[in-house]
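> This is the structure I have questions about; it appears just below.
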Amino acid sequence: MVRKVSILGATGSIGQNTIDLIARAPDSYDVVALTGASNIAQLAKDAIALRADVAVTAHDHLLDELRAALAGSDVQAAAGTAAVTEAASRPADWTMSAIVGAAGLAPGIAALEQGGTLALANKESLVCAGQLVLETARQNNSRILPVDSEHSAIFQALIGEEMSAVERIIITASGGAFRDWPIEDLAHATLDQASSHPNWAMGQRITVDSASMFNKAMEIIETHEFFDVTPDQIEVLVHPQSMIHALVGFNDGALMAHVGPPDMRHAIGFALHHPQRQPLPVERLDLAAIGQFEFRAPDARRWPALRLARETMQYGGMMGAVFNAAKESALDGFIAGQIGFTQMADVVEDTLSHMNDAGGPVHAAMTLDNVLQVDHLARKAAQAVIRKRAG
Ligand code: NDP
Ligand code: MG
898 MVRKVSILGA TGSIGQNTID LIARAPDSYD VVALTGASNI AQLAKDAIAL
948 RADVAVTAHD HLLDELRAAL AGSDVQAAAG TAAVTEAASR PADWTMSAIV
998 GAAGLAPGIA ALEQGGTLAL ANKESLVCAG QLVLETARQN NSRILPVDSE
1048 HSAIFQALIG EEMSAVERII ITASGGAFRD WPIEDLAHAT LDQASSHPNW
1098 AMGQRITVDS ASMFNKAMEI IETHEFFDVT PDQIEVLVHP QSMIHALVGF
1148 NDGALMAHVG PPDMRHAIGF ALHHPQRQPL PVERLDLAAI GQFEFRAPDA
1198 RRWPALRLAR ETMQYGGMMG AVFNAAKESA LDGFIAGQIG FTQMADVVED
1248 TLSHMNDAGG PVHAAMTLDN VLQVDHLARK AAQAVIRKRA G
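Letter 138 of the sequence shown, counting from 1, is numbered 1035 in our numbering, and no numbers are missing.
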């Protein structure tokens, strides 16, 4: 059976890994939409090769460039954030949500509204608007399959199990670039240093978020939203090898671990073929050659992001959207050289308390408009904090 598929964020790291799998079986897929932002050459090349119906860049001003790159093909060109969401709303059996940041929320919701399965890499959607995303899926009879490696691992460990028997969920973290750095050196860590991950090849933003543990902080909230477990049932475990992706602990003391190489094509392929398993082009682990797995408790002083995630869940309301927006702004500030590495957590902490003290919007009903409004306000608040700290 040929399945209609769309890839949101096709030009990114997850998008390219998704295309790698789809391109291996071109007769099995009918590609509807590919979306990207700045990387027009890649977007056009893949859209032509996969014979997509439409290729969309999120940037209005790149429409002519995209049109030129698609010239002579049958692929339609479109541009702008509304066009990305329109493309996501076109009927598809399976959609990969792999835009980075809160920009992935509206297109992901549009994909859920048209039905089909949403393979969700964009964890920001669940952090910003978990309830709304899950409710949209319920109302439209669409399905969400997690693609974040930890959440795919949890999902797989839960197959055939009752949630009532789950005591705890342990998500592992490599510890990122600065796992073994002296804590006092972190304040002077550079963007280059933060952008190299020991195990995973990923987009730059998530790589820096791995070094700061903001990625794991987001994943705690993602776990809480998606699997409906309480914050105190979720633990983080530092595991430098990144081969055990998550563990589920049951009421009889059993721990079910998911073990695999650090290759996102496993989680993407699992979501692509679910409910079947299909052969995937990932390395088979030789555990005897690896010899040892290590584990450590995360150091709260090194990684304050983990505490901030728990405070965010305690605040409730739409504080998840504040957390994400503040984190994205802080990351922008670090990338732009406005603030240092350790100041990212300070910016998020100050923005959370400012927005919580302000009350109002963060406790309104969770609609898409309200989430986007909170996102906007939180970015403004974070900018103000950054200016104060930078100046
Ligand atoms: P990348 O930065 O590699 O790719 C991001 C994608 O989003 C690109 O296609 C980019 O386009 C597009 N994009 C950027 N800004 C916008 C915007 N404003 N509107 C629409 N599209 C935009 O990110 P990753 O692939 O690493 O991550 C994607 C998502 O998956 C994130 O949510 C991340 O947290 C999650 N994830 C990633 C993992 C990984 O291994 N990389 C692992 C687990 C989760 P362009 O490049 O053309 O500018
Ligand atoms: Mg992950």
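Glycine included, each C-beta is placed from N, C-alpha and C at the ideal position.
Since this is a predicted model, take the numbers as computed values, not measurements.
What residues come near the ligand MG, if near means a beta carbon less than 6 Å from any of its heavy atoms?
Chain-ordered list of matching residues: D1045, S1046, E1047, E1116.
> What is the residue span of the alpha helix (DSSP H) that H1171 lies within?
The count along the sequence shown starts at 1 and reaches residue 1171 at position 274. Careful: H1171 lies outside any alpha helix (DSSP H) and carries neither H nor E.
> Which residue marks the beginning of the beta strand (DSSP E) containing T1315, and which one marks its end?
No information on residue 1315 is available, as it lies outside the stretch 898 to 1288 that the chain covers here.
> What did DSSP end up calling A975 once you bin it into helix, strand or coil?
Counting from one through the sequence shown, the residue named residue 975 turns up at place 78. Here A975 sits in strand by DSSP.
> Going by DSSP, what residues sit across from E1132 in a beta bridge?
Here residue 1132 corresponds to residue number 235 of the sequence shown, with the count starting at 1. The partner list for E1132 (beta bridge, DSSP) reads I1067.
> Throw me the rounded Cβ distance for the A1278 and H1251 pair, which I believe falls under 8 Å.
Indexing the sequence shown from 1 puts residue 1278 at position 381. Indexing the sequence shown from 1 puts residue 1251 at position 354. 5 Å between Cβ atoms; contact.
> Exposed or buried, L1182, counting other C-beta atoms within 10 Å across all chains shown (16 or more means buried)?
Start at 1 with the first residue of the sequence shown, and residue 1182 comes out as number 285. So L1182 counts as exposed.
> Looking at V951 and V981, is the spacing between their C-beta atoms short of 8 Å?
Start at 1 with the first residue of the sequence shown, and residue 981 comes out as number 84. Start at 1 with the first residue of the sequence shown, and residue 951 comes out as number 54. No.
> Are the CB atoms of L1023 and E1119 nearer to each other than 8 Å?
Within the sequence shown, the letter at position 126 stands for residue 1023. Within the sequence shown, the letter at position 222 stands for residue 1119. It is a contact, given that the beta carbons lie within the stated cut-off.
> My understanding is that G1157 touches H1142, with C-beta atoms under 8 Å, so please give their C-beta distance in whole angstroms.
For the purposes of this step, residue 1157 is taken as residue 260 along the sequence shown, with counting starting at 1. For the purposes of this step, residue 1142 is taken as residue 245 along the sequence shown, with counting starting at 1. Indeed, because the Cβ distance is near 7 Å, the residues count as touching under 8 Å.
> Could you pull the DSSP bridge partners for F1147 from this structure?
The count along the sequence shown starts at 1 and reaches residue 1147 at position 250. DSSP output for F1147 lists V1063 as bridge partner(s).
> In chain order, what residues of the same chain have a beta carbon less than 8 Å from the beta carbon of A968, not counting five sequence neighbours either side?
Position 71 of the sequence shown, counted from the start, is the residue given in the question as residue 968. So no residue of the chain qualifies.
> Am I right that A936 and T908 are in contact with their C-beta atoms under 8 Å? What's the rounded C-beta distance?
As a position in the sequence shown, residue 936 is number 39, starting the count at 1. As a position in the sequence shown, residue 908 is number 11, starting the count at 1. Correcting the residue type first, residue 936 is Asn in the shown sequence and not Ala. 4 Å between Cβ atoms; contact.
> With a floor of 3 residues, list each beta strand (DSSP E) that falls wholly inside the stretch 924-962, ordered by position along the chain.
Fully enclosed beta strand (DSSP E) runs of 3 or longer: 926-933, 951-954.
> Is the stretch 923-936 close to the stretch 899-908, with three or more CB pairs under 8 Å?
Contact between the stretch 923-936 and the stretch 899-908 is present, because at least three Cβ pairs lie under 8 Å.
> How about L967: is its Cβ closer than 7 Å to a heavy atom in the ligand NDP?
By one-based count along the sequence shown, residue 967 stands at place 70. Outside the cutoff, so no.
> Run the proximity test for M1099: is its beta-carbon closer than 7 Å to any non-hydrogen atom belonging to the ligand NDP?
Within the sequence shown, residue 1099 is the residue found at index 202, counting from 1. Yes, the ligand NDP has a heavy atom inside 7 Å of this Cβ.
> Could you name the residues of the same chain whose beta carbon sits closer than 8 Å to that of A1197, not counting the 5 residues immediately before and after it, in chain order?
Against the sequence shown, residue 1197 aligns to sequence position 300. Result list for A1197: L1203, R1204, in chain order.
> Output the residue ranges of the alpha helix (DSSP H) runs that lie fully inside the stretch 1145-1223 and measure 4 residues or longer, sorted by chain position.
Counting whole runs of 4 or more residues, the stretch 1145-1223 contains the alpha helix (DSSP H) stretches 1161-1170, 1184-1187, 1202-1212.
> Which residues bound the alpha helix (DSSP H) around I911?
Locating residue 911 in the sequence shown gives position 14, where the first residue counts as 1. It spans 910-920 - the alpha helix (DSSP H) in which I911 sits, taken as one unbroken run.
> Is K1285 buried or exposed, if buried means 16 or more other CB atoms sit within 10 Å of its CB?
On the sequence shown, position 388 is the one that residue 1285 refers to. Exposed is the call here.
> Nearest by alpha-carbon distance to T1264: which of L1029, F1123, S1109, I1236 is it?
Taking the sequence shown and counting its residues from 1, the one referred to as residue 1264 is at position 367. Of the listed residues, the one whose Cα sits closest to T1264 is L1029.
> Which whole-angstrom value describes the C-beta separation of M993 and G1073, a residue pair presumed to lie in contact below a C-beta threshold of 8 Å?
For the purposes of this step, residue 993 is identified with residue 96 of the sequence shown, where counting begins at 1. For the purposes of this step, residue 1073 is identified with residue 176 of the sequence shown, where counting begins at 1. So it is not a contact: roughly 25 Å between Cβ atoms.
> Please classify R921 as buried or exposed, where buried requires at least 16 neighbouring CB atoms within 10 angstroms.
The sequence position of residue 921 within the sequence shown is 24, counting from 1. Classification for R921: exposed.
> Any heavy atom of the ligand NDP closer than 7 Å to the Cβ of M1140?
As a first step, residue 1140 is located in the sequence shown; it is residue number 243 there, counting from the start. Because no heavy atom of the ligand NDP lies under 7 Å away, the Cβ of M1140 does not count as near it: no.
> Give the range of the alpha helix (DSSP H) segment to which S1107 is assigned.
One-based indexing of the sequence shown puts residue 1107 at position 210. Unbroken alpha helix (DSSP H) run through S1107: 1101-1109.
> Check whether the Cβ of I1103 lies closer than 7 Å to any heavy atom of the ligand NDP, and answer yes or no.
Walking along the sequence shown from the start, residue 1103 turns up at place 206. I1103: yes, Cβ under 7 Å from the ligand NDP.
> Just to confirm before moving on: does the CB-CB distance between V1259 and M1210 stay below 8 Å?
Residue 1259 sits at position 362 when you count from the first residue of the sequence shown. Residue 1210 sits at position 313 when you count from the first residue of the sequence shown. No, these two residues do not count as a Cβ contact at 8 Å.
> Considering only residues of the same chain and omitting the five flanking positions on each side of N914, which have a CB-CB separation below 7 Å?
For the purposes of this step, residue 914 is identified with residue 17 of the sequence shown, where counting begins at 1. Counting only Cβ-Cβ distances below 7 Å, and skipping sequence neighbours, we find M1161, R1162, I1165.
> Per DSSP, what kind of secondary structure is R964 in: helix, strand or coil?
Looking up residue 964 in the sequence shown gives position 67. It is helical.
> Under the three-state reduction of DSSP, which class applies to P1079: helix, strand or coil?
Numbered from its first residue, the sequence shown carries residue 1079 at position 182. Of the three classes helix, strand and coil, the one that applies to P1079 here is coil, per DSSP.
> Return helix, strand or coil for S1039, following the three-state DSSP convention.
In the sequence shown, the residue the question calls residue 1039 occupies position 142. It is coil, neither helix nor strand.
> Report the option in A1098, E1059, S1046 whose CA atom is closest to the CA atom of H1155.
Within the sequence shown, the letter at position 258 stands for residue 1155. Considering only alpha carbons, the answer is S1046.
> What do you reckon, are the CB atoms on E1064 and F1147 nearer than 8 Å?
As a first step, residue 1064 is located in the sequence shown; it is residue number 167 there, counting from the start. As a first step, residue 1147 is located in the sequence shown; it is residue number 250 there, counting from the start. A contact, by the Cβ cut-off of 8 Å.
> For a quick check, are the C-beta atoms of K1020 and A1070 less than 8 Å apart?
The residue you call residue 1020 lines up with position 123 of the sequence shown. The residue you call residue 1070 lines up with position 173 of the sequence shown. No, these two residues do not count as a Cβ contact at 8 Å.
> For N1038, count neighbouring C-beta atoms within 10 Å of its own C-beta (all shown protein chains included) and say buried if the count is 16 or more, exposed if not.
One-based indexing of the sequence shown puts residue 1038 at position 141. Counting Cβ neighbours within 10 Å, N1038 comes out exposed, since fewer than 16 surround it.
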